[in-house]
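Novice: Before I ask anything, let me first share the structure, which is written out below as structure tokens.
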Amino acid sequence: MTTLNVKEMSCNHCVERIKKALEAAGIKHSIDLETKTVTIDGCENCVKKAIEEMDDIGFTATVA
3 MTTLNVKEMS CNHCVERIKK ALEAAGIKHS IDLETKTVTI DGCENCVKKA IEEMDDIGFT
63 ATVA
């Protein structure tokens with residue numbers, strides 16, 4: 003598992019946008035709004051794809 007920091011995530015609407023994008027890409031994940039993190043359950047390629055998907059919808063994700 004890899005944890006990503008997503009500083010722009012500030013509300014449940016953000017969470018839903020990220021959730022929708024990652025589910026559409028088939029990436030297993032969990033989201034924690036309180037800590038502004040997304041945990042990716044997958045290989046390095048899954049992490050890269052998740053970062054790209056979040057970037058596409060306007061969120062900057064960095065490895066914690």
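Everything in the sequence shown is counted per our numbering, starting at 3 for the first residue and increasing by one.
Beta carbons are placed, not taken as given, at the ideal position from N, Cα and C, and that holds for glycine.
1) Applying the 10 Å Cβ sphere with the 16-neighbour rule, what's the burial state of MET56?
2) Assuming ILE59 contacts ALA23 (C-beta within less than 8 Å), just tell me the rounded distance between them.
3) Which same chain residues end up closer than 8 Å to ALA63 when comparing Cβ atoms and leaving out the 5 residues on each side of it in sequence?
4) Taking a contact to mean a Cβ-Cβ separation below 9 Å, would you say PHE61 touches CYS16 in this structure?
5) Per DSSP, ASN7 forms a beta bridge with which residues?
Specialist: Let me spell this out:
1) buried
2) 5 Å
3) LEU6, ASN7, VAL8, VAL40, ALA52, ILE53, MET56 and ASP57
4) yes
5) THR39 and THR64
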